[in-house]
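First comes the structure, then the notes that go with it.
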Amino acid sequence: MINVENNNNHQKSLWPNIRLVDGQSVEQGRLQLKYKGNWHSVCTNSRNWTKNDVEVVCHQLGFTGGHWFRWFTRNNDSRQFMLENPGCYGKEPTVQNCQNWPQRRIGSGVCDFHQDIGI
Numbered sequence: 001m002i003n004v005e006n007n008n009n010h011q012k013s014l015w016p017n018i019r020l021v022d023g024q025s026v027e028q029g030r031l032q033l034k035y036k037g038n039w040h041s042v043c044t045n046s047r048n049w050t051k052n053d054v055e056v057v058c059h060q061l062g063f064t065g066g067h068w069f070r071w072f073t074r075n076n077d078s079r080q081f082m083l084e085n086p087g088c089y090g091k092e093p094t095v096q097n098c099q100n101w102p103q104r105r106i107g108s109g110v111c112d113f114h115q116d117i118g119i
């Protein structure tokens, strides 16, 4: 989970297909992306997300910034979404604009040994 800095517009995502769930407030939680009409929790290997990747996601959610906090244990969601090493430079408007977005993997089993990222 990454705690985010509030810019008084924290409930309005800049991209309607991204959200945080299962957190203690609207400013933190499990990262989910909507893809082809379904919400998917994002799993990844902890070594592969950088400060720039986190900053892009936080800005996309409507926050001014954020910092790393912890992982979420996987739930039994069959709609898994693997996004390792997004490759953001930090100025992209959305994580979908980061250089490694095309390498994402979706489907049952892709996250079996990885935890969900939280922001």
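Under UniProt numbering, read the sequence shown as residues 1 to 119, first letter to last. Beta carbons: idealized from backbone N, C-alpha and C, even for Gly. Every value quoted in this text rests on a predicted model; they were computed, and no experiment measured them.
A distance below 8 angstroms separates the beta carbons of GLY66 and GLU55. Membership of HIS59 in the alpha helix (DSSP H) is indicated by the continuous run 51 to 60. For the pair LEU33 and PHE81, the CB atoms are nearer than the 8 angstroms cut-off. A distance below 6 angstroms between beta-carbons, with the five flanking residues on each side excluded, links ARG30 to the following residues of its chain, in chain order: VAL21, ASP22, SER41, PHE72, ASP116, GLY118.
Within the same chain, ASN52, ASP53, VAL56, CYS98 come within 6 angstroms of CYS88 by CB-CB distance, once the 5 residues on both sides are set aside.
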